[in-house]
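One structure is given here, and the rest of the page talks about it.
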Amino acid sequence: MQVAGFQILNGLVYGMLLFLLSAGLSLIFGLMRVLNLAHGSFYMLGAFIGLALLGWTGNYWLALLVAPLLVALLGALIEVLFLRPLYRREHGGHLDQMLLTVGFIFVFADIVRSIWGADVLGLPTPELLTGAVSFLGVFMPKYRVFIIALGLALGIALWLVIEHSGIGTKLRAGVDDADMAAGLGINVSRMFTWTFALGVGLAALAGVAAGPMLGVNVGMDVEILIVTLIVVVIGGMGSLKGALLASVLIGEADTFGKVYLPEATMFLIYLVMLGVLLFRPTGLFGLRHQ
Amino acid sequence: MPNHRYCRLFWALALIVGCGGTVWAQGEIKVGLLYSTSGIYAGPSKQGIEGATLAFEEAGNQIGGRKIVLIVEDDEAKPDVALAKAKKLVESDRVQVLMGVIWSPNAMALRPYLHERKAPLVLSEAAVRPITQEAGSPYIFRTSFASGQMTHPFGNYACSKLGYKKIVVIAFDSVFGREEGDFFESGCKQAGGAVVEKIYPPVETADFAPYFARIQQANPDAVWALWSGAAALRFVKQYSDFGLKQKYPLLGFGPLTDEFILKAAGPAAQGVISYYHYSPAIDSADNKRFVEAYRKRFGSEPGVFSSGGYLAARVIIEGAKAVQGDFSDTGRFLAALKAVQFDAPGGKFRFDAHQNAIHNLYIRKVQPGPGGPLVNMPIDVLKDIEQYWPKGKPAK
Numbered sequence: 490m491q492v493a494g495f496q497i498l499n500g501l502v503y504g505m506l507l508f509l510l511s512a513g514l515s516l517i518f519g520l521m522r523v524l525n526l527a528h529g530s531f532y533m534l535g536a537f538i539g540l541a542l543l544g545w546t547g548n549y550w551l552a553l554l555v556a557p558l559l560v561a562l563l564g565a566l567i568e569v570l571f572l573r574p575l576y577r578r579e580h581g582g583h584l585d586q587m588l589l590t591v592g593f594i595f596v597f598a599d600i601v602r603s604i605w606g607a608d609v610l611g612l613p614t615p616e617l618l619t620g621a622v623s624f625l626g627v628f629m630p631k632y633r634v635f636i637i638a639l640g641l642a643l644g645i646a647l648w649l650v651i652e653h654s655g656i657g658t659k660l661r662a663g664v665d666d667a668d669m670a671a672g673l674g675i676n677v678s679r680m681f682t683w684t685f686a687l688g689v690g691l692a693a694l695a696g697v698a699a700g701p702m703l704g705v706n707v708g709m710d711v712e713i714l715i716v717t718l719i720v721v722v723i724g725g726m727g728s729l730k731g732a733l734l735a736s737v738l739i740g741e742a743d744t745f746g747k748v749y750l751p752e753a754t755m756f757l758i759y760l761v762m763l764g765v766l767l768f769r770p771t772g773l774f775g776l777r778h779q
Numbered sequence: 006m007p008n009h010r011y012c013r014l015f016w017a018l019a020l021i022v023g024c025g026g027t028v029w030a031q032g033e034i035k036v037g038l039l040y041s042t043s044g045i046y047a048g049p050s051k052q053g054i055e056g057a058t059l060a061f062e063e064a065g066n067q068i069g070g071r072k073i074v075l076i077v078e079d080d081e082a083k084p085d086v087a088l089a090k091a092k093k094l095v096e097s098d099r100v101q102v103l104m105g106v107i108w109s110p111n112a113m114a115l116r117p118y119l120h121e122r123k124a125p126l127v128l129s130e131a132a133v134r135p136i137t138q139e140a141g142s143p144y145i146f147r148t149s150f151a152s153g154q155m156t157h158p159f160g161n162y163a164c165s166k167l168g169y170k171k172i173v174v175i176a177f178d179s180v181f182g183r184e185e186g187d188f189f190e191s192g193c194k195q196a197g198g199a200v201v202e203k204i205y206p207p208v209e210t211a212d213f214a215p216y217f218a219r220i221q222q223a224n225p226d227a228v229w230a231l232w233s234g235a236a237a238l239r240f241v242k243q244y245s246d247f248g249l250k251q252k253y254p255l256l257g258f259g260p261l262t263d264e265f266i267l268k269a270a271g272p273a274a275q276g277v278i279s280y281y282h283y284s285p286a287i288d289s290a291d292n293k294r295f296v297e298a299y300r301k302r303f304g305s306e307p308g309v310f311s312s313g314g315y316l317a318a319r320v321i322i323e324g325a326k327a328v329q330g331d332f333s334d335t336g337r338f339l340a341a342l343k344a345v346q347f348d349a350p351g352g353k354f355r356f357d358a359h360q361n362a363i364h365n366l367y368i369r370k371v372q373p374g375p376g377g378p379l380v381n382m383p384i385d386v387l388k389d390i391e392q393y394w395p396k397g398k399p400a401k
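Line order of the protein sequences matches chains A and B. Taking my numbering, the leading residue of the first sequence gets 490, the next gets one more, and so forth. Taking my numbering, the leading residue of the second sequence gets 6, the next gets one more, and so forth.
Written out as C-alpha cells, the structure is:
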C-alpha cells in the first residue's frame, strides 16, 4: 500500500511536468494548427536561462518567474518573424512549419551548447524546499510536492482564464473557427502571438521546475518532446482538459510500469496511446470536426 | 602587359606553396579521434578530446620532427555512423592511427573493418569484453578496460572488505550494463554476499523515483549503481533527495561520481563509494602534474574520461616515438604499441598479452578535498588488475 501511494505521487509529479508542456503545445496546435516541434527546445531554454538567472541573482523564485517570461518574449518574436509568413502558404504551410520548428531544435541545441557546453549541470533545489515530508508512511521530497502543487495551481489558473475570461472566450472562438472569429472582429493574428508566447512560456516554466529534479543538459529537449507529443495525441489537440488527463494517465502508467512491468515500460505508454486512439481517434477530448 | 606578369607570378607562387604544402602534408602524423560529441556522451567526449589534446601538446605536437594533426569526428554513439566516420578517417583523411570510441557497439562495428584494413585503433573507453578477448585483433588496443575487469574485483571487495551481504544492482539497460551487473554479482558471491535484486532502467531514464520503490522493497545493505553522464547526475541527486543514501549506502562505478557530477550534485554525492583506475585526487607526482596541466589548459577538473583520452594519446605518442614517427611498417608500429610502458597519472601503464591495459583499481570515496570542494578520495587500491581476474583466469 505504501509502495502504491509512493508511486501514485511519483506519477503525479511526472504528470504535472508533462501537463505544463502539453498544455502549451496543445493550445498552440488547437488555435494555430502549428505543430511546434521545437517545444522541447523552449523547455530546455527555460532551464538554462533559469540556471543563468539563478547564478546571477541567487534567487530561485526570481528565476522561476523571469526565465519563462524571457522565453515567452522570444516565442512571440519567433511567431511574428518566422511562423507568420508561413500561414498564407498552401495547406496552411504545415510541412514548412514542421521543417521550420525542427530547424529551431538544432539551432537552439547548438546555441545552448556553445554558451553552456555539453556537460550536464545541476540546478540547486531552493533552500525552502530541501528535505522531505512523510505522509501516511510515504516519503516524498518537498520539492516534488511543490511540483504537484504548481501543476495543479497553473491548471486551475489556465482553466479560469480559458473558460471564464474575455480573452479565453476569444481564444476558444479562435480554436473553433479562426476565420469566423476574425470575421467577428477578433484580432486573431495578435491572439496567435499571445498563444504561442503563453505556450512556450509554460514549457520554459516546466524546464526551470524540472531542473532541480532532472538536471539541465543539452538533450533534455528531445527527451521530453516525444512523450509530450504522445500526451497531446492522447488528450486531444487543443484541449486543456485532455492535456491534464492524458498527462496524469501517462505519468502514472509510466511510473507503475517501471515497477510492475519493468521490461515493458516503454511499450506501455504506446499501448495506452493505441488503446485511446482505437476508441477515440481524435484523442480523449479532441475536436470532432476538422 | 604588367597584369599578365603579375598573374603568372601569382600562379607560380601558388604552385610553389601548393607543392610545398603537399610535401609538408606527407610529413604529418594524422590521428583520428572518434568520439560521440553529440548526444548523451557529449560531456564525456569533450573530456576525452581535451585529455588527448593535452597529451599531444605535451609532446610538442610533433614526433621525430613530424607534425601531429588531430582530426575529430562525431560517431553519434551509433554503430553505422561510427563505421562511416572511421572509413572517412582511414580512407580519405589517411590517418595513421585512430583513437577514442566510447559506445561499445561502435567498437564492435569497427572491428572487422579495421582488422581487414590493417588500421590501428587505440580504444580509450568502450568496455565491450570480447574485443580484447575472443574477438581480439592485432590492430586493436585498449587503454580503458574490459567489462568486468574492475567490477568483478569490486564486487568481491564490497562483499568482503566493505562487509555488505545483501545488495541491489541498478544499472542502465544495455549489454554493458547487464554484463557488469552479472560481474558484480559473481564477485560478491565469491565473497559470500548476494545480489537480491537487479534493476535495469533505460539508458536515458530521467526520473528514478519509480525504481526507488523496488529498492525499498528489497531493503538491502547497500546499492550498487552503474550510470554515466546526465543520468548519473539525476541518479545521485534523486537517490539523496529521497533519503535513500542514509538508509542504503551507495556504491558505484567511477563515472557515477565523475568530477563534473560532483560539481553539479554537491552534497548529494558526499559519501558515495566508487571505483575506477583513476581519480584526480590520487596522491602521486605524475598525477599532480597531469591535474595541474589540465586545470591550467582547460580551466576544469579532469574526470575519468579526461584521463582516458590522455592515456590513449600517450600510448600513441610513446608507440610513435619508438618507431621515430615512421608509420610505413605497420607491424613495427604495432610491436612498439604492445611494448609501451610509462608512468601514467593512475600509476604504471602497460598492456597484457591481449593488448588490454593492466590497471591499479582505486576505491574512492566522495569527500571534501584539501581545497574544500568534493573529490573522489582514494581510500584503498587493488594493484595490477587484469581483464581476466583473478590473474590469468577468465572471470566467469
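All C-beta atoms, glycine included, are put in the ideal place defined by N, C-alpha and C.
Item                                                                                                                                    : Value
Within chain B, the residues that Pro-630 (chain A) reaches when beta carbons sit closer than 7 Å                                       : Asp-246, Phe-247
Validate contact between the segment 336-348 of chain B and the segment 369-388 of chain B using beta carbons, cut 8 Å, 3 pairs         : no
Ile-372 (chain B) at chain A interface by Cβ criterion, 8 Å                                                                             : It is Gln, not Ile, that sits at residue 372 (chain B) in the sequence shown. Taking Cβ atoms only, chain A never reaches closer than 8 Å to Gln-372 (chain B), which makes this a no.
Extent of the continuous alpha helix (DSSP H) run through Gly-657 (chain A)                                                             : 655-665
contact_flag[the segment 677-696 of chain A, the segment 510-529 of chain A] where n(CB pairs < 8 Å) is 3 or more                       : yes
contact_flag[the segment 499-506 of chain A, the segment 628-638 of chain A] where n(CB pairs < 8 Å) is 3 or more                       : yes
One or two residues paired with Tyr-367 (chain B) in a DSSP bridge                                                                      : B:Tyr-281, B:Val-386
Beta carbon of Asp-80 (chain B) nearer than 8 Å to that of Ser-129 (chain B)                                                            : no
The segment 591-625 of chain A: positions lying closer than 8 Å to chain B by Cβ                                                        : Arg-602, Gly-606, Ala-607, Asp-608, Val-609, Leu-610, Gly-611, Pro-613, Thr-614, Ala-621
Beta strand (DSSP E) segment containing Glu-752 (chain A), residue limits                                                               : Looking at the DSSP string, Glu-752 (chain A) is not in any beta strand (DSSP E), and its letter there is neither H nor E.
Neighbour flag for Tyr-503 (chain A) against chain B, beta carbons, 8 Å                                                                 : yes
Other residues of its chain near Leu-562 (chain A): CB distance less than 8 Å, five sequence neighbours each side excluded              : Ala-686
Extent of the continuous alpha helix (DSSP H) to which Val-86 (chain B) belongs                                                         : 84-92
Inter-stretch contact at 8 Å, needing at least 3 Cβ pairs: the segment 219-230 of chain B / the segment 761-768 of chain A              : no
Touch test, the segment 323-330 of chain B against the segment 236-245 of chain B, Cβ-Cβ under 8 Å, three pairs minimum                 : no
Proximity of Ala-556 (chain A) and Ile-538 (chain A) at Cβ, strictly below 8 Å                                                          : yes
Three or more C-beta pairs below 8 Å linking the segment 187-197 of chain B and the segment 161-176 of chain B                          : yes
Start-to-end residues for the alpha helix (DSSP H) that takes in Ile-604 (chain A)                                                      : 583-605
Beta-carbon proximity of Leu-689 (chain A) to Gly-513 (chain A), cut-off 8 Å                                                            : Sequence inspection shows Val at residue 689 (chain A); the Leu mentioned does not correspond to that position. Yes, these two residues count as a Cβ contact at 8 Å.
Short CB-CB distance (under 8 Å) between Gly-234 (chain B) and chain A                                                                  : yes
Ile-68 (chain B) (DSSP reduced to helix, strand or coil)                                                                                : strand
Buried or exposed by the 16-neighbour rule on C-beta atoms within 10 Å, applied to Thr-27 (chain B)                                     : Only weak support exists for where Thr-27 (chain B) lies, its pLDDT of 42 falling under 50; the coordinates are left without a value.
At least 3 beta-carbon pairs within less than 8 Å: the segment 32-39 of chain B vs the segment 94-107 of chain B                        : yes
Cα-Cα separation, Gly-23 (chain B) to Gly-564 (chain A)                                                                                 : Caution is warranted here: a pLDDT of 49 is assigned to Gly-23 (chain B), below 50, making its placement in the model unreliable, and no coordinate value can be reported.
Within-8 Å CB hit, Tyr-216 (chain B) to chain A                                                                                         : yes
is_contact[Glu-712 (chain A), chain B] using C-beta, thresh 8 Å                                                                         : yes
Residue-level contact to chain B via CB, Val-523 (chain A), 8 Å cutoff                                                                  : no
Residue of B:Ala-124, B:Gln-67, B:Leu-231 minimising C-alpha distance to Asp-178 (chain B)                                              : B:Leu-231
Alpha-carbon spacing of Val-697 (chain A) relative to Ala-269 (chain B), whole angstroms                                                : 16 Å
Under 7 Å by beta carbon: chain A residues contacting Leu-238 (chain B)                                                                 : Val-609, Gly-611, Gly-704
DSSP-derived helix/strand/coil call for Tyr-549 (chain A)                                                                               : helix
Separation of Asp-98 (chain B) from Trp-29 (chain B), as counted between CA atoms                                                       : Model confidence at Trp-29 (chain B) stands at a pLDDT of 44, short of 50, so the residue's coordinates are unreliable and nothing is read from them.
Where the segment 36-67 of chain B meets chain A: residues whose CB sits under 7 Å from a CB there                                      : Gly-44, Ile-45, Ala-47, Gly-48, Lys-51
Beta-carbon contacts of Trp-605 (chain A) that lie in its chain and below 6 Å, excluding the five residues immediately before and after : Phe-537
Complete beta strand (DSSP E) runs within the segment 198-273 of chain B (minimum length 3 residues, chain order)                       : 199-204, 227-231, 255-258
For Val-133 (chain B), three-class secondary structure by DSSP                                                                          : coil
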